[in-house]
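Positions 1207 to 1432 (the numbering used here) are the ones given, in order, by the sequence shown. Have a look at the structure below before the remarks.
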Amino acid sequence: AAACYFIVMYTSSQTNGDERSRVLAYIPFFITVVVFWSMYQQIFGVLTVYSDTQLNRSIFGWEMPINWIQLIPAFFVIVFAPLFATMWMKLGPKQISTPVKAGLSLVLIGIGFLMFLPFSEAGPNATPLLWVCLTLAVFVFGELLISPVGLSFSTKVAPKVFQSQMIAVFFLASGVGTALSGVLGGYFDTANQAPYWLSVGGTTIVLGLLALTLTKPMLKLLRGIR
């Protein structure tokens, strides 16, 4: 479906040269968004399974319900989103470009997965809650680098006659990523966790670094849009 959208937008007689160039630049960004959500959404699958068996949810004798773990990222978004927004506003044109933010978001997600390694061989309920909170904070920092700015970026690069379609493509990327997250989560083995954290985290970091190497050609194709 995404390929059809890109073909229609690129080949349309209503799309000018600069707009065609920006459509091409958007393709690697689309792939980055898919990869990001395929990893980030594992918070609601793999992490829940992990927390049920590995996380120490006891707080002064009270055991935190397992489903509360999923509230932690939302809390961090509420806390840090205004700080990120203020930072981008103060930096203005000096801030890093959207392609760089997208690449860094993957690197952060990869680091977040690797942070599970130190406790992968620990016994049941041995992972400190604070450590998981720190890990989820890294995940949220990655989200804040790509999710809010990605929507704005999509409207900027979209051809004038395809504004709504480009926004649809952006949300399609999150949908595809979420579906892939479920597939990847099926490979998680609670009895042998280290290979999963290492492979998923390492692969995500490599893909993030690859995305960063594409920044210069993408900026050239974007024709002034950052």
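Note that CB positions come from ideal geometry on N, CA and C, so glycine has one too. All values reported here derive from a predicted model rather than from experimental measurement.
Closest by C-alpha distance to residue i, when choosing among the options
{"i": "Val-1255", "options": "Phe-1394, Leu-1404, Gln-1301", "result": "Phe-1394"}
{"i": "Val-1346", "options": "Gly-1318, Pro-1330, Leu-1336, Lys-1362", "result": "Gly-1318"}
{"i": "Ser-1244", "options": "Glu-1327, Ala-1287, Gly-1391, Met-1293", "result": "Gly-1391"}
{"i": "Thr-1410", "options": "Thr-1217, Gly-1223, Gly-1316", "result": "Gly-1316"}
{"i": "Lys-1362", "options": "Ala-1417, Glu-1269, Leu-1428", "result": "Leu-1428"}
{"i": "Ala-1441", "options": "Leu-1350, Phe-1250, Thr-1333", "result": "Coverage of the chain is limited to positions 1207 through 1432, which leaves residue 1441 absent and any answer about it impossible."}
{"i": "Gln-1276", "options": "Trp-1268, Met-1270, Phe-1250", "result": "Phe-1250"}
{"i": "Pro-1354", "options": "Phe-1325, Tyr-1232, Pro-1288, Ile-1233", "result": "Pro-1288"}
{"i": "Trp-1337", "options": "Gly-1388, Ser-1257, Val-1229", "result": "Ser-1257"}
Check whether residue i and residue j have beta carbons under 9 Å apart
{"i": "Ile-1352", "j": "Val-1239", "result": "yes"}
{"i": "Ala-1374", "j": "Tyr-1211", "result": "yes"}
{"i": "Leu-1314", "j": "Gly-1356", "result": "no"}
{"i": "Ala-1308", "j": "Phe-1377", "result": "no"}
{"i": "Ser-1303", "j": "Thr-1421", "result": "yes"}
{"i": "Leu-1312", "j": "Phe-1359", "result": "no"}
{"i": "Leu-1335", "j": "Arg-1263", "result": "yes"}
{"i": "Leu-1253", "j": "Gly-1414", "result": "no"}
{"i": "Gly-1407", "j": "Leu-1323", "result": "yes"}
{"i": "Ser-1218", "j": "Pro-1365", "result": "yes"}
Residue i classed as buried or exposed, judged by whether at least 16 other C-beta atoms fall within 10 angstroms
{"i": "Val-1367", "result": "exposed"}
{"i": "Gln-1369", "result": "exposed"}
{"i": "Trp-1274", "result": "exposed"}
{"i": "Ala-1379", "result": "buried"}
{"i": "Ala-1397", "result": "exposed"}
{"i": "Glu-1327", "result": "exposed"}
Inter-residue CB distance, residue i and residue j (contact presumed, cutoff 8 Å)
{"i": "Cys-1339", "j": "Ile-1278", "result": "6 Å"}
{"i": "Val-1344", "j": "Met-1372", "result": "Not confirmed; about 29 Å, so no contact."}
* What runs of the alpha helix (DSSP H), each 4 residues or longer, lie entirely inside the stretch 1213 to 1263? -> 1223 to 1246, 1252 to 1259
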